[in-house]
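Below: the structure, in structure tokens.
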Amino acid sequence: MWPYLLQGIGFGFAAAAQPGPFQTYLVSQTLTKGWRRSLPAALAPLVSDGPIIALCLLVLSQVPAWLERVLYLAGGAFILYLAVGAYKSWRNFDPALPVTGTGTQQSVLQAALMNALSPGPYIYWTLVTGPILLRGWREAPLNGIGFLAGFYVTIVASLMAIILLFGTAQKLGPAFNRALVGLSALALFFFGLYQLWLGVMG
């Protein structure tokens, strides 16, 4: 179970550290409404991802073994693409973050809806984490559970850390966020190579 737990932790950290609409939303809400009101929004992936994972695994479970290898290769290439994007974001990091607060209180359900309507989770769970979860579950259900536990504990904790940091120590925020992006690029690079290896050796 430990290899899958560690992979879940790594991918959860990378997903939380990747700059994107949801992360920008969390930061902007923190800067405009404070960390106390924004903190529950970090739980949004727990609400939105269940149906997404079920749908992606349903599709993946119907594909033949050779197509699974193709998905591993495609997923590895996609992860390396994300790693390049994260590296560029780290290299060209801009501490000026947009503030887009509308003045209305956003709930966890609204944040989850925004996450569910984004193509990112579907791509992620089809090409990146879905095949790993399916492989682990087929080996032993405990492996799949360990992967999910590592992923969601890490992503929620990381999102909460970002909210708390920007809410209580804004001066340290940009440097911390840049460090997260850099670590994310490294994590994605190594996981991309690993998934390519699984596709070749599979």
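Position in the sequence shown counted from 1, then plus 282, gives you my numbering.
Built from N, CA and C at the ideal position, the CB exists for glycine as well.
Source: prediction; values computed, not measured.
Contact between residue 390 and residue 326 holds: their C-beta atoms lie close to 6 Å from each other, under 8 Å.
The C-beta distance from residue 416 to residue 342 rounds to 5 Å, short enough to meet the 8 Å contact threshold. Where residue 336 is concerned, the enclosing alpha helix (DSSP H) starts and stops at 326–342. Excluding the 5 residues flanking it on each side, residue 356 has same chain C-beta neighbours closer than 7 Å at 409, in chain order. Burial is judged here by how many other beta carbons sit within 10 angstroms of a residue's own beta carbon; residue 422 has fewer than 16 and is exposed. When the five nearest sequence neighbours on each side are left out, the beta carbons in the same chain lying within less than 7 Å of the beta carbon of residue 413 are those of 342, 350, 353, 354 and 357, in order along the chain. Closest option to residue 446, judged by alpha-carbon separation, among 283, 299, 317 and 294: 317. If you check the CB distance, residue 438 and residue 324 come in under 8 Å. Going by DSSP, residue 289 is part of the alpha helix (DSSP H) stretching over 284–299. Taking C-alpha positions only, residue 361 is separated from residue 482 by approximately 16 Å.
Linking residue 312 to residue 283 through their CA atoms gives a straight-line distance of about 36 Å. Going by DSSP, residue 374 is part of no alpha helix (DSSP H) at all; its letter is neither H nor E.
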